[in-house]
Structures are given as C-alpha cells and as structure tokens.
Amino acid sequence: SRLVLLVVFLVGGALAIRFPSDRERREAWAERTIVKNLEDATPDGLDLVHVNVIWRHGDRSPTSPMAGEKATEEFWTFGGGGWGELSPIGMAQHYKLGKKLYDRYTVDSKFLSDTYKAREMYVHCTDRNRTVVSAMSNLAGMYSRPKAKVGRDYPDVPDWPTFFIPIPIHTEWSGMDHIGDPATKCPRQDDLWKLVQKTQDYKDVNGDYTQQTLQYLRDAIGVDDSAITFENLYKIWDNMLIENIWYPDNVTEWYPYYTPDINVQVTTINDWGIDLVNGIMVDKMVNGLDLTLEIPTIRGGPLLNDVMAKARGVLQCRLRDSYGKVNGCKDSDHFYRHLKYHVISA
C-alpha cells in the first residue's frame, strides 16, 4: 500500500546580541517552508492525508494602553470597538488567506471537498475575539462561495448573506489553553523566567544601551521607572507599530520624542526580549537546567503535542497491515477516521 504524507502548514514568522533578529528568523523560516506546488512537494509513493494549519490573527487594535498613550480606547471603534479587536484589514487578510487555502487544498489538489464537510475539518481557536474572528473570516474565504447550496449549507431565509456557511470554531477558556497561547499562566514557566534573569544574556540586554533608551522614554513621557521597563517595553513597540498604521498623521504630534532612531532602539530591545522569552540564549545552563530546552518545551510543547496527536490519530486510521486491514483505528475513532484539515487559530 502507498505511504501517507502528513503536512504541518504554518502561517504567520538583536538583532540579539549573538543571534539573528526575531524578524530575520521568521523571514528565513518562511522562505524555507513555502511549498508552491503540492504535487511537486509530495514525494513519489506518498499520499497527502492530513494537514495541520497554524496561523496568527490578522491586523488588530492595541491590546492595552502604553505609557503616555494618546490613542485611548475610544479611538478604536472597529471590530466592535475596544482594545485588541480584529480590524477590517485583519478580516480581509484572513479572508484572502482562506481563498488561497481553498485553491491549494480543494481546487489544485482535490484534497478537501469543494463544499464544507464537517467531518473533514476541526478548528481550534484561542479564547480571544481577534483569533475567533480571524478564523471566521478565513473559513468564509474558503467555503462561502457559489458552490454552497441553499437549504443544505445555509438557510433559505430572506436577507441571509449570500453563500455564507457558518462553520464551527472550538475554543477553551484562556486560562487553560496551553496549545494556542504559550503565555498562558504556568508556574514552571514563571520559575524558568526567574532563572533567565540570572543569565549573562539577560544582564547583557539590560546593559547601557537598553537602560539609556528606557530612561529617555521615561523622561520624555514623564513617568517613573516602573512604568517603562525592559519587560514591558513591548507595549510601546506594539502600540507604536499599530498607531502608525491607523493614525499616521497623528503620531508625530502625539509622540514627538519617538523618532526613527528611537524606534530602531525600541525594536532592537524588543527583539532581544523575544529571544529570551523563547529560550534563545548562549548562557543557557542555570541550576543544572538547559533553558534552551526547558523554555521551548514549556511554550511550544503543548502545541506540538496536539499537532502530533492529531497526525498520529489520522495515521492509525489509514495504515493497513499486509492483509489490507486497518488495525490501529477503533470504531470509536470516528473523529480521526475522517479528519483531514486541523486548524489552530492563535
């Protein structure tokens, strides 16, 4: 019998002192993982039977105010209004991605059915409005199209959005979802971060370059030391990035101190922080623990375990013995028997 191929499809990826920047790693990863043609990418003798799709949400509003915030919550009216909501840009991003995924796995490869089939697809989403709406937009791009049949895929009622098919999205309370959110509360991760703070890497990134940048921002905004620190500087980086998209004509007036040079410094320090949070460091051994193994295991292990569990479950329901009998798939494994497309929206 033919072998089977299981694919993990990732959507998404100081200059650390000793490493390429977080952005450079993401770009390099994207270049290496782009598969332009599934047929060319599938080795002879293999069949594609399962795909794991993992994506990040689209464009959003800031998740909370930064020190010296001028674009307060009332400025963010899209997506229902407020902090952290998906914008129309983000909705369009995922809608377009959904159309591309449909072309890839339905039109080009005939892997998925051309209309929505519940047993082929399972969507796991973190408990955040922006990730749920991203998934909704993506799925609309996939299956809300003329092939949808009224009375079967959507109701025959006046004013129902044309061809719109509601597709289930499964979520879990954010305090327990370690699959989609590596920042979910975890006592061991907190303990590991305390060990990171003892490393030479942490001391290096908290050196003069960082401290001078932090103090400049504190003085310019008029806040005390606790308001802007190495560990919360990401809020300024994130908010300034978003406000430059949505209020480009205002940011210079609102934040005259945030010059291009300061933006480079904040971005560099933020990239260093991303490295440390994810266990990317040289001074890795603390108290007999290898932080470059322990931290990625804590932060990425649950997601990887979930992906592999789905893949193994599908595989067991596909493999046949020399007599052509499937032995690893029980009658109760209806979920894995038909699952083709597993999504994690985070």
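Just so we're aligned: the sequence shown equals residues -16 to -1, 1 to 330 in mature numbering (1 follows the signal peptide of the UniProt record, and there is no 0). Here a beta-carbon is modelled for each residue, glycine too, at the ideal position from N, C-alpha and C.
Asked	Found
Just to confirm the assignment, what range does the beta strand (DSSP E) spanning I264 have?	Element bounds for I264: n/a, residue is neither H nor E.
At the level of alpha carbons, what is the spacing between H318 and R88?	26 angstroms
To the nearest angstrom, report how far apart L30 and G285 are at their CA atoms.	27 angstroms
Using DSSP with H/G/I as helix, E/B as strand and the rest coil, what is N36?	strand
So what does DSSP say about I282, is it helix, strand or coil?	helix
Does the distance between the C-beta of Y239 and the nearest non-hydrogen atom of the ligand HEM fall short of 6 angstroms?	With respect to small molecules bound, the structure shown includes none, and the ligand HEM cannot be examined in it.
Taking V134 as the reference, give the member of F147, N122, M126 and L123 with the closest Cα.	F147
Would the beta-carbon of V116 fall within 7 angstroms of that of V327?	no
Should G125 be labelled buried (16 or more other beta-carbon atoms within 10 Å of its own) or exposed?	buried
Let me know the secondary structure DSSP gives S118 once reduced to three states.	helix
Classify L273 as helix, strand or coil using the three-state DSSP reduction.	strand
Which first and last residues belong to the alpha helix (DSSP H) in which M224 is found?	Y218 to W230
Would a C-beta distance cut-off of 7 angstroms place P46 and I163 closer than the cut-off?	no
If you run the structure through DSSP and keep just helix, strand and coil, what is S329?	strand
Does DSSP classify T252 as helix, strand or coil?	helix
List the endpoints of the continuous alpha helix (DSSP H) containing M75.	P72 to Y86
For Q300 and Y320, which I take to be in contact (beta-carbon distance under 8 angstroms), what is that distance rounded to the nearest angstrom?	7 angstroms
Whose C-alpha, out of K131, N113 and V107, is nearest the C-alpha of L123?	V107
Need the endpoints of the alpha helix (DSSP H) that V235 sits in, please.	V235 to W238
Go through its chain and collect everything with a Cβ distance to K268's Cβ below 7 angstroms, but skip five positions before and after it.	D274, L275 and T276
Measuring only the C-alpha atoms, how far is S118 from W256?	28 angstroms
Ends of the beta strand (DSSP E) at V134?	V134 -> no beta strand (DSSP E), and no H or E assigned at all.
Here's the rule I'm using: 16 or more other beta-carbon atoms within 10 Å means buried, otherwise exposed. How should A295 be labelled?	buried
Grouping DSSP H, G and I as helix and E and B as strand, with all else coil, what is Y106?	strand
Between which two residues does the alpha helix (DSSP H) harbouring R321 extend?	H318 to H322
Please name the residue or residues paired with T213 in a DSSP beta bridge.	DSSP, once it has assigned bridges, lists no residue as partnering T213.
Please report the distance separating the alpha-carbon of W60 from that of G66.	5 angstroms
To the nearest whole angstrom, what separates the beta carbons of L323 and E156, a pair I think is in contact under 8 angstroms?	Between E156 and L323 the Cβ distance is about 18 angstroms, and since that is not below 8 angstroms, they are no contact.
Are there 16 or more other CB atoms within 10 angstroms of the CB of I229, so buried, or fewer, so exposed?	exposed
Please list the terminal residues of the continuous alpha helix (DSSP H) segment that includes Q181.	It is not in any alpha helix (DSSP H) - Q181 carries neither H nor E in the DSSP assignment.
Sort out for me which residues DSSP pairs H154 with in a bridge.	H108
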